[in-house]
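S.K.: Here you go, one structure.
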Amino acid sequence: MSYAYLFKYIIIGDTGVGKSCLLLQFTDKRFQPVHDLTIGVEFGARMITIDGKQIKLQIWDTAGQEAFRSITRSYYRGAAGALLVYDITRRDTFNHLTTWLEDARQHSNSNMVIMLIGNKSDLESRREVKKEEGEVFAREHGLIFMETSAKTAANVEEAFINTAKEIYEKIQEGVFDINNEANGIKIGPQHSPTSPSSPSGGPGSSPGSGCC
Amino acid sequence: MTLFQCRRFHFFDLEKIDVDISVQETLKDASVRCGTSGRGCIFLGDSDGAVHSISRQLTAKTVAEAHMKGIVQIHQCRQSSYLLTLGEDEPGAYSLKVWDAMLVEQDPTRSRLSLKSVIKLSRVKPPTCFAVHENLTLLAVGYEDGEIQLYRGELTRGRSIKPKILQREGEHGSVTGLAFKTMEKSILLFSASKHAVTPFDVTNKDRDVNFQGDKVGGELNCSCYAEGSSEDHFIVGRSDAVYCYTHEGRGPCYGFDGEKHLLYYFRGYLLIIALASVESYHLTIFDCANKFVAFQSTIHSSEPIKVAASEWGCLFLLTSDGSFWQLKERDLQTKMTVFYKKNHYDLAIKVAKCNNFDPEGMADIYRQYGDHLYNKGDLDGAIRQYCKTVGKLEASYVVRKYMDASRVLNLLEYLEVIHKTGIATQDMTTLLLNCLTKLKQNEKIEHYMKDPSCNFLDPETAIKVFRKGGMYKQAYQLANKHELYGCALQILIDDVRDPCKEDLYSILEKVLQTEKAEEILRKYGSSLVQLVSHVDPKSTESWVKIVGLLSLSPSKRELVELFISKKEVLVPLLEDICQDFESSDGPLMNLLLEAYLDQWANKKDTDVATKEKLLALLTKAPDCPSWDWARALFACKMFGFSSGEIIAFEKLGLHNDLLAIRHAEASSNPSLWPKFFETCQKYAETKPSLWKDAFYLITTPMEGSAYYCPQHIVEDILDRLLAQNLMEPLPIIDRLCKTRLKLGSVRLFLSKVLDRKGIEEYEEESTNLQGETSKIREHIEGLRTKPLVFQGTRCNACSQKLDFPSVHFLCQHSFHQQCFDSFAANERDCPVCWQKNRDLLEAERADKKPTKASLDANFAVQLSNSKSNSFAVIADAFSKGIFRDENQKPREILGPKRSIEKLRVPTVKPFDTQEPTSEARLRLHEGTLSYSDKPVSTPSQAPIESLLETMKKSPAVTSGFEGRRSPISQPKSATSLPFPRVQSAATSTTSRKESPQVQRRKPPVSITAAAQQTVKQPETKNPFEEEEDTSNPFLEPEPTPSKNPFEEDEYDSSLNPFAE
């Protein structure tokens, strides 16, 4: 499938906040109440349209457990956007946000768009974190905020698409260097500018810095 | 270990194989360096450069001495039988050899590999690995220093292939793994180095592109290419996890930690061998597609595991010294059972899908999953699973569960799925709609009705449900949508009750346009009529339309009854029908007549048009065979439509009624008198009695009527009465006396009557006859009371002089005994009178014999024939007992005897007898006798003569059946006779008559003595008495058994050989 841009996302957050469910809801439009714990990093993709352009979202769904932290860290680097998820019914997941944010800021490129998501908004009765608190946290750290429910699919699309819009705007503004794949943005095959082809790639060149 | 999070199963059985001696033998001192498999054979490359094959029987054989200094890597092509080996031929000289393994594949124990080509590597640096594309035109070789060479060209020819350097040595370290990936339009080469993973695009000869890779790499043997069903990955194992790479860079990763020793991908599983400690390895088999650990174990081995090969449905692990392990996968059913047991239904479903389960199998899993969730109380989850079973699982199974749980929402969900699948039954639809109506989900219902994709609703069922649920609007809309106008109409009629005019008319119009219009109208017509008249009392247009339509309908006749109460429709419809009526349309025409009459009755005098219509109808209607004149007449009478009545009377042949009408008309309007007369004249030709009726009519006194019948008509009528002998003049005169007719008008008649001849003649005849009768009477009286002197001196037979013994008869005939004996036909009759008497009696009997029916018929015929003398006929019939009471008891048998006595009087005339009543009565009994006796058998049908004779002889002795009676009963029955007077006369007569008989039999004896004797004689001498009782020849034969051999009586059961 051809696309204008490919954005790489990463979903982070404590274990059990519903990262995999968000992804599943976004990519497959279904909800699986019982979900295996994510081992390592999983992967999903979907095409969306922004501003009339086809954009492929490639989403890494990471394991929230501490044990996998080192693995997930290695994924920050190639991501253009991150969804930082907490569970509104569990205060501790909210409390850990700072750690996650630090982690993300540290390992990702500085332009990465981070969206704060308070998931499980359908469980209003068991809410422990007020929406306002999330808003405050987002404002303080310059994040976009949204409450979603992977179960009812409320705001799920919006969360991903708004993030994509943000990235797209940044591209238009020229903030992102779209030629650097490490930013998590790739230009689609038909859009790719005639890149300097290197028939025999430089022997010492880093694999990460390869041209398109 | 982080693996505790992953679901683990034990789907493989690990087994160390001990029959590996042959492998070790073939290896000798060398060690296994590498191996490959894929086409029914495992090939091993050893440190001495030999290639060994292992057959299915696990017997090893050396098949080639490939490289002198050891083999680095060996590869078996999947799609062809080529085997490639990379090895060191001489120190510092490496080559890649292409072998044809065809023969070895066929017989691994005997054949050897045949060398196809040799590609000598240009570099002296030791290569670490190679990869070959399946089409055998691309070859990549990785070196220890990190360089990757790419060879393009026909590898099997192996000549003049120049390598190209894809990647130079560098900080990424030695190449540890290479793999080609064929995509739709391009070919990728994945390379893993110690510190990097890089994909290259090698599609084009001139332009090799490397993508952004990763700056971490993997060890040798710790990379493999996974061709999964869903995704293709280049998998690299590192100490923290197993990373998957795609052409777009890094993909998912699986967190299996531990220093990786070997990665091997087979049949959807990833085998990960990690170093656990010295001499022990962690074995993990991971199902990449379904994300679970299928096997986990630890192997202790002093030698490193060098080869993992999947062949013959098993996985084999070989250490460098040739030790063998076999991992055998458990069968699918076992796996599923485990999943079920552990309630891992989601996994079961995934695995089942991967294994291409049939829909039934899948449905079963879904059902089990659903049941599991249901039992856990997760009804929402369960219904989702049940939804997937739609079409396979009996829906009622699910429905019942949710009915019990009264989870309407869930049920709704399920039912919707069922309906979308299109397998819903009526009940399901009903249930679905019931759910919706219960939940008041009107929007959803609306949605269903509007959305064309939701056409699963069976409209009729849906309408039914809606109506039941009180959702008339929806039902109506639905009916409209599906063009079920009949239904819609019904809804309007039954449910809405007070619809707006427009609705009703629009639906009506639609109904009329459909083919089923008549059917619908037939069904709902009557209520429709009511409804329309209720909603729009003044409507006429619609009716015109309806009639127009109906008149085209072939079944319009059946529809008529709907509109009985609706004249606006009824009349035109009937008119249409009667325009072109069929033979069975009579009742409808009658109906039309009545409808017209009803119309006409409202304004009798002015409505000429209707009257004309009526008359037209009446003239036309009789052509129809089923036209009912009686009904028409009734209707005309009801409404006072005399013109109709007249026609009806004419047609019905009720001329007297017609006459009555004419008379009535004439009485009020004298100018109509001629018409009255004409009518008479017209019909009297065939029915003369009409004149009589006319006479009665004109002579009936009319109250308040001033117009009497004109004189000439009266005269005419009287004339005809007289001329045709329709009435005796006397009653005519009698009647005339009571009327106010002018004498002038009857004068002529009277004079005519008086002029009629014959009065005197009749009187004369009458006196004659009277005289005769009185003579006879005297004679009888004489016989009865006076002694009779026999003065005959000559025998009436021989005319000789009479001498004793002689026989005298009351008829004054005397015979010699001898003469009498020889001459007389029987002892009792006078031979002279006998003939005469017999004739008389014959006549009498002939009169008596005919049955009542024939008498009646005769009577009718005679009556109609006798124009002038009908009274005579009646009197005659009367005399024959035609008016007799049938119920008279036959026992009164003495009556006839006496009457017979009377018959002997020769001139018996009914008119002349002085006792006509008694005569008649006597005859009455006579008739009773003859008729009641008729069905009885012969003896009771005693001939009259014999009766008479016995009467003559003795009152007590009778012949025939009388004789059989006891003599004592005789007087008793006599006294019981209802006519004592006649009886006494009779007895005396008989006693009188006896004397001559007695004299005849015993001449010397005096009469009285003879009488006494005769009384006694029969008692002893009756020849019939004893004979009949004892030796009746007809009585005996009956009981005499016939000699039927088969009769039961004769059968001796004991003789039956077959009897037990």
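Chains A and B are the protein sequences, given in the same order. Going left to right, the first sequence walks through residues 1 to 212 as the UniProt record's numbering numbers them. Going left to right, the second sequence walks through residues 1 to 1060 as the UniProt record's numbering numbers them. Just so it is clear, CB atoms sit at the ideal spot from N, CA and C, and this is done for glycine as well.
Could you tell me which whole beta strand (DSSP E) segments of length 3 or greater appear in the stretch 57-122 of chain B?
M.R.: Counting only runs of 3 or more, we get 60-65, 71-76, 82-90, 93-100 and 114-120.
S.K.: Could you work out which residues of chain A lie near Arg367/B, taking near to mean beta carbons separated by less than 9 Å?
M.R.: Here residue 367/B refers to the residue found at position 367 of the second sequence. Here the premise fails: no neighbours, minimum Cβ distance about 17 Å.
S.K.: Taking Cβ positions only, does Cys6/B come closer than 8 Å to chain A?
M.R.: As a first step, residue 6/B must be located in the second sequence, where it is residue number 6. So yes, Cys6/B belongs to the interface.
S.K.: Keeping to the same chain, check which residues put their C-beta closer than 6 Å to that of Asp821/B; ignore five residues upstream and five downstream.
M.R.: Counting from one through the second sequence, the residue named residue 821/B turns up at place 821. Result list for Asp821/B: empty, nothing under 6 Å.
S.K.: Determine which residues share a DSSP beta bridge with Gln862/B and list them.
M.R.: Position 862 of the second sequence, counted from the start, is the residue given in the question as residue 862/B. Answer is none; Gln862/B lacks a bridge partner.
S.K.: Are the stretch 8-16 of chain B and the stretch 315-335 of chain B touching by the rule of at least three beta carbon pairs closer than 8 Å?
M.R.: Because the criterion of three Cβ pairs below 8 Å is met, the stretch 8-16 of chain B and the stretch 315-335 of chain B touch.
S.K.: Consider the Cβ of Gly64/A: report whether some Cβ of chain B lies at a distance smaller than 8 Å.
M.R.: Numbered from its first residue, the first sequence carries residue 64/A at position 64. No, because no Cβ of chain B sits closer than 8 Å to the Cβ of Gly64/A.
S.K.: Please list, in chain order, the residues of the stretch 33-55 of chain A that have any C-beta partner in chain B closer than 7 Å.
M.R.: Taking 7 Å as the Cβ-Cβ cut-off against chain B, the residues of the stretch 33-55 of chain A that qualify are Pro33, Val34, Asp36, Leu37, Ile39, Gly40, Val41, Glu42 and Phe43.
S.K.: Using the rule of at least 16 other Cβ atoms within 10 Å of the residue's Cβ for burial, across every protein chain shown, is Lys972/B buried or exposed?
M.R.: One-based indexing of the second sequence puts residue 972/B at position 972. Any reading at Lys972/B must be qualified, since the residue scores a pLDDT of 43, below 50, and its modelled position is unreliable; the value itself is stated next. Looking at its Cβ environment, which holds fewer than 16 other Cβ atoms inside 10 Å, Lys972/B is exposed.
S.K.: Consider the Cβ of Tyr254/B: report whether some Cβ of chain A lies at a distance smaller than 8 Å.
M.R.: Position 254 of the second sequence, counted from the first residue, corresponds to residue 254/B. Yes, because at least one Cβ of chain A sits closer than 8 Å to the Cβ of Tyr254/B.
S.K.: Determine whether the Cβ of Gly78/A lies closer than 8 Å to any Cβ atom of chain B.
M.R.: Within the first sequence, the letter at position 78 stands for residue 78/A. Judged by the 8 Å Cβ criterion, Gly78/A is in contact with chain B.
S.K.: Identify the contact partners of Phe7/A in chain B, using a Cβ-Cβ distance below 8 Å as the criterion.
M.R.: Along the first sequence, one-based indexing puts residue 7/A at 7. The contacting residues do not exist; Phe7/A stays about 12 Å from chain B at best.
S.K.: Along chain A, which residues have their Cβ under 7 Å away from the Cβ of Ala241/B?
M.R.: Start at 1 with the first residue of the second sequence, and residue 241/B comes out as number 241. Gly40 and Ile71, listed in chain order.
S.K.: 8 Å is my cut-off, CB to CB: does Phe68/A come that close to chain B?
M.R.: Within the first sequence, numbered from 1, the residue matching residue 68/A stands at position 68. So yes, Phe68/A belongs to the interface.
S.K.: Measure how close the beta-carbons of Ile48/A and Ile161/A come, nearest whole angstrom, since I'm counting them as under 8 Å.
M.R.: By 1-based counting over the first sequence, the position of residue 48/A is 48. By 1-based counting over the first sequence, the position of residue 161/A is 161. Indeed, because the Cβ distance is near 6 Å, the residues count as touching under 8 Å.
S.K.: Exposed or buried, what is Cys253/B when buried is set at 16 or more other beta-carbons lying within 10 Å of its beta-carbon?
M.R.: Numbered from 1 along the second sequence, position 253 holds the residue referred to as residue 253/B. Label assigned to Cys253/B: buried.
S.K.: Report the residue from Thr98/A, Glu128/A, Gln106/A and Leu23/A whose alpha carbon sits nearest the alpha carbon of Ser138/A.
M.R.: The sequence position of residue 138/A within the first sequence is 138, counting from 1. The sequence as given places Ala at residue 138/A; Ser does not occur at that position. Cα-wise, what sits closest to Ala138/A is Thr98/A.
S.K.: Can you check DSSP and say which residues form a bridge with Gln167/B?
M.R.: On the second sequence, position 167 is the one that residue 167/B refers to. Paired residue(s): Ile148/B.
S.K.: So, with DSSP's three-state summary, where would you put Ser323/B?
M.R.: Numbered from its first residue, the second sequence carries residue 323/B at position 323. In the structure shown, Ser323/B sits in coil (DSSP, three-state: anything other than H, G, I, E or B).
S.K.: Which residues of the stretch 289-322 of chain B have a Cβ closer than 7 Å to any Cβ of chain A? Give them in chain order.
M.R.: Listed in sequence order: Lys291.
S.K.: By alpha-carbon positions, which one of Leu840/B, Pro126/B and Asn290/B ends up nearest to Leu86/B?
M.R.: Here residue 86/B refers to the residue found at position 86 when the second sequence is read from its first residue. That would be Pro126/B, whose Cα lies nearest to the Cα of Leu86/B.
S.K.: Given a limit of 7 Å on CB to CB distance, which residues of the stretch 338-350 of chain B reach chain A?
M.R.: Going along the stretch 338-350 of chain B in chain order, one finds Asp346 with a Cβ nearer than 7 Å to chain A.
S.K.: Can you name the residues of chain A whose CB is closer than 7 Å to the CB of Gly249/B?
M.R.: Start at 1 with the first residue of the second sequence, and residue 249/B comes out as number 249. Correct list: Gly78.
S.K.: Just to confirm, are Leu150/B and Leu166/B a CB contact at a threshold of 8 Å?
M.R.: Sequence index remark: in the second sequence, residue 150/B carries index 150 (1-based). Sequence index remark: in the second sequence, residue 166/B carries index 166 (1-based). Yes. Within cutoff.
S.K.: Which residues bound the beta strand (DSSP E) around Trp60/A?
M.R.: Counted from its first residue, the first sequence places residue 60/A at position 60. First-last of the beta strand (DSSP E) with Trp60/A: Lys53 to Thr62.
S.K.: Return helix, strand or coil for Ser2/A, following the three-state DSSP convention.
M.R.: The count along the first sequence starts at 1 and reaches residue 2/A at position 2. Coil at Ser2/A, not helix or strand.
S.K.: DSSP state of Gly381/B, grouped into three classes?
M.R.: As a first step, residue 381/B is located in the second sequence; it is residue number 381 there, counting from the start. Correct three-state label for Gly381/B: helix.
S.K.: Can you list, in chain order, the residues of its chain whose CB lies under 7 Å from that of Glu650/B, leaving out five sequence neighbours each side?
M.R.: Taking the first residue of the second sequence as 1, we reach residue 650/B at position 650. Excluding sequence neighbours, Glu650/B sits near Leu658.
S.K.: Taking any Cβ of chain A, which residues in the stretch 372-387 of chain B have a Cβ under 8 Å from it, in chain order?
M.R.: Listed in sequence order: Asp378 and Gly381.
S.K.: Closest by CA to Arg127/A, which one among Ile114/A, Thr148/A and Leu143/A?
M.R.: Locating residue 127/A in the first sequence gives position 127, where the first residue counts as 1. That would be Thr148/A, whose Cα lies nearest to the Cα of Arg127/A.
S.K.: Indicate whether Glu311/B and Ser55/B have their beta-carbon atoms separated by less than 8 Å.
M.R.: Taking the second sequence and counting its residues from 1, one reaches residue 311/B at position 311. Taking the second sequence and counting its residues from 1, one reaches residue 55/B at position 55. No, these two residues do not count as a Cβ contact at 8 Å.
S.K.: Around the Cβ of Ser61/A, are there at least 16 other Cβ atoms within 10 angstroms (buried) or fewer (exposed)?
M.R.: In the first sequence, counting from the first residue as 1, residue 61/A sits at position 61. Contrary to the premise, residue 61/A reads as Asp rather than Ser in this sequence. Classification for Asp61/A: buried.
S.K.: Our contact map puts Met146/A next to Met115/A with C-beta atoms below 8 Å; I'd like the distance itself, whole angstroms only.
M.R.: Along the first sequence, read from residue 1 onward, the residue named residue 146/A stands at position 146. Along the first sequence, read from residue 1 onward, the residue named residue 115/A stands at position 115. Correct: roughly 7 Å between the Cβ atoms.
S.K.: Does the beta-carbon distance from Lys306/B to Arg33/B come in below 8 Å?
M.R.: Position 306 of the second sequence, counted from the start, is the residue given in the question as residue 306/B. Position 33 of the second sequence, counted from the start, is the residue given in the question as residue 33/B. Contact: yes.
S.K.: Let me make sure I understand the geometry here. Which of His75/B, Lys464/B, Cys129/B and Gln79/B has the alpha-carbon closest to that of Val141/B?
M.R.: If you number the second sequence from 1, residue 141/B lands on position 141. If we check each option's Cα against that of Val141/B, Cys129/B comes out closest.
S.K.: Would you grab the beta carbon distance between Val807/B and Ser814/B for me? Rounded to a whole angstrom, and I think it's under 8 Å.
M.R.: Within the second sequence, numbered from 1, the residue matching residue 807/B stands at position 807. Within the second sequence, numbered from 1, the residue matching residue 814/B stands at position 814. With a Cβ gap of about 7 Å, Val807/B and Ser814/B count as contacting.
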